[in-house]
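Here's the structure we're looking at; comments come further down.
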Amino acid sequence: MINDSKITILFVDDEPDILSSINRFLRKEDYKKLFAQTGIKALELIKSNTVSIIVSDLRMPEMSGLELIGEVKKRNPDIVRLILSGSQDIDPIIESINRGEVFRFIPKPVDPTAFKKILNDAIDYFCLKTEREILFNELSVSNQELTKANETLSVMAKKLQRSEEEFRSMTDAAQDAVFMLNNEGNIIYRNTAAENLFGFRRDTYHEQNFLELISPDSPKYDIHFLCKMPSGNASDFDERMVQQIEGIRKNGTAVPLEISRGCVQIDDTPHTVIIARNITSRVEEEQSRLRFDNLQKEFESEIEKKLLQSPVPETLQGVSISRMMVPSGHLDGDFTDFIIFDSRRADILIGDVMGHGLHPALIGAGIKSLFLKVLAQKKYPHTELPALQDIVAGVHELCIKELIELGTFATLLYVRLDLLSGQLSLVDCGHPPIIHFHADTATCSMLKGEN
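Per the numbering used here, the sequence shown starts with residue 96, numbered consecutively.
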């Protein structure tokens with residue numbers, strides 16, 4: 096993991112007080128902090144410093160935050176990019192997030208605790224991405240080396256009459272550890288890579304048993320069978336068998352290995368040849384991927400909590416409301432909202448946008464906000480509420496064109512609970528029906544709209 100002291104974060108804002116405030120509550124953080132008041136100055140700092148993360152204000156003179164972010168992505172795509180803004184114009188920010196230009200949007204005013212957490216998430220993301228790229232490159236090189244070594248072993252197995260000296264000279268040039276075993280499973284030859292990998296020198300450890308290099312807890316692999324010579328002809332030997340086991344170095348540390356084996360004839364005697372490839376980089380890459388997946392799940396969980404699922408109201412009198420959600424394992428477009436008019440009247444919104452992932456989640460959040468917008472625009476007396484159908488029609492008018500252009504659709508139920516009159520009204524927009532449980536008869540019925 097990259098140390099925080101090697102991380103550099105660039106903060107860009109045209110207001111010096113904001114930059115000063117950020118510098119003040121981040122003063123104890125280990126990472127390096129740079130500050131710029133313009134996009135041009137920020138690009139100059141990036142050119143002269145190794146910047147890991149940039150946090151830019153949205154609205155700035157000369158060059159806006161999105162223009163700066165776009166230029167950074169073009170010049171230095173590895174820099175993690177965040178937008179800081181108090182602007183309510185969220186559309187261009189969402190569009191930038193969808194295009195992969197912005198990692199996270201931070202609203203103003205900045206909450207120090209939340210801001211630090213977002214910066215730590217960005218640091219984790221930068222470190223994981225960097226480590227993943229390094230491990231992927233190492234894995235690619237190692238795979239090529241393993242392929243080359245296996246091809247070499249295949250050639251040697253076919254030329255059974257070659258002398259042991261020729262075999263040793265070839266395997267000494269291999270990048271992976273190569274062993275030759277006798278009938279008892281003792282090592283009668285190991286190449287330089289094997290010495291370096293395990294720490295046992297061939298001139299000191301004569302005929303060491305191969306099982307001493309393998310952890311006894313290695314799962315799903317019969318180590319004893321590995322070291323047995325096959326009965327009958329050497330051609331019966333399975334040269335294609337590849338297994339993963341755990342090796343033990345001389346210093347006692349474990350090393351993950353990928354083992355392949357073959358058979359060669361020396362003086363009419365079959366010998367087992369084992370190639371042990373160090374797959375540490377592959378294991379670390381998988382661990383890095385799991386960490387990234389966990390970070391992604393946490394990010395999706397935060398989106399669901401803060402954008403899609405509104406808290407259950409506690410101010411309604413004479414009714415108890417609870418909510419249960421069964422997680423699907425990934426982010427999707429399910430959303431709920433509660434609009435409280437007074438202590439006895441409320442509207443309940445239940446909806447679902449087609450698909451899974453960030454795209455339907457953002458559309459769901461947008462639809463929720465449209466209901467509040469339509470309610471705010473409707474003019475009605477304090478004693479009367481706007482008709483349900485007028486609210487839904489207003490939302491439909493505001494979003495139907497965009498939904499068609501995006502190639503998606505949403506279903507929803509818009510329910511009004513009026514405890515004064517004891518009535519429940521709803522507008523059904525293709526959503527699964529409401530289940531009504533009749534307490535007096537212990538039966539259920541479906542409430543489905545007729546629109």
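Just so you know, even glycine gets a beta-carbon here, dropped at the ideal spot from N, CA and C. This structure is a prediction, so every number in the text was calculated from the model and none was measured.
Residue i - containing beta strand (DSSP E), residue span
i           : result
residue 347 : Neither: residue 347 is in no beta strand (DSSP E) and is coded neither H nor E.
residue 202 : 199-202
residue 178 : 175-180
residue 375 : From DSSP, residue 375 is part of no beta strand (DSSP E) but of the alpha helix (DSSP H) over 375-398.
residue 550 : Nothing in the structure corresponds to residue 550, since the chain is present only between 96 and 546.
residue 127 : 127-131
Extent of the continuous alpha helix (DSSP H) run through residue i
i           : result
residue 282 : Premise fails: residue 282 lies in the beta strand (DSSP E), 282-285, not in any alpha helix (DSSP H).
residue 491 : 483-501
residue 119 : 111-120
residue 164 : 160-170
residue 149 : Segment 148-152 is the beta strand (DSSP E) holding residue 149; no alpha helix (DSSP H) there.
Sequence-distant residues of the same chain with beta carbon closer than 7 Å to residue i, five excluded per side
i           : result
residue 197 : 164, 176, 177, 178, 188, 191
residue 230 : 376, 379, 380, 383
residue 443 : 433, 510, 512
residue 157 : 133, 134, 135
Cut-off 6 Å between Cβ atoms - residues of its own chain near residue i, not counting five sequence neighbours on either side
i           : result
residue 117 : 106
residue 102 : 126, 147, 218
residue 372 : 241, 271, 353
residue 168 : 196
residue 490 : 465, 466, 469
Minimum C-alpha distance to residue i - residue among the options
i           : options            : result
residue 508 : 155, 544, 207, 360 : 544
residue 482 : 466, 493, 497      : 466
residue 553 : 128, 154, 145, 409 : The requested residue 553 does not occur in the structure, where the chain is confined to residues 96 to 546.
residue 349 : 338, 339, 310, 367 : 310
residue 410 : 134, 166, 437, 397 : 437
residue 432 : 424, 520, 418      : 418
residue 523 : 151, 531, 484      : 484
residue 144 : 104, 112, 152, 181 : 104
residue 388 : 122, 220, 203      : 220
residue 206 : 180, 405, 492      : 180
CB of residue i within 7 Å of CB of residue j, strictly
i           : j           : result
residue 342 : residue 306 : no
residue 510 : residue 486 : no
residue 351 : residue 370 : no
residue 506 : residue 429 : no
residue 426 : residue 367 : no
residue 302 : residue 281 : yes
residue 52  : residue 173 : What is shown of the chain runs 96 to 546, which leaves residue 52 out entirely.
residue 504 : residue 449 : yes
residue 185 : residue 201 : no
residue 283 : residue 313 : no
Cα-Cα separation between residue i and residue j, rounded to whole angstroms
i           : j           : result
residue 502 : residue 525 : 17 Å
residue 364 : residue 347 : 34 Å
residue 141 : residue 250 : 52 Å
residue 359 : residue 227 : 39 Å
residue 294 : residue 356 : 21 Å
residue 278 : residue 386 : 44 Å
residue 514 : residue 440 : 6 Å
residue 456 : residue 296 : 59 Å
residue 460 : residue 137 : 33 Å
residue 403 : residue 463 : 8 Å
residue 243 : residue 236 : 11 Å
residue 233 : residue 247 : 21 Å
Same chain only: Cβ atoms within 8 Å of residue i, ignoring 5 sequence neighbours per side
i           : result
residue 539 : 530, 531, 532, 533
residue 129 : 103, 104, 105, 106, 140, 144, 146
Within-7 Å CB hit, residue i to chain B
i           : result
residue 402 : Absence of chain B from the displayed structure is noted, only one protein chain being present.
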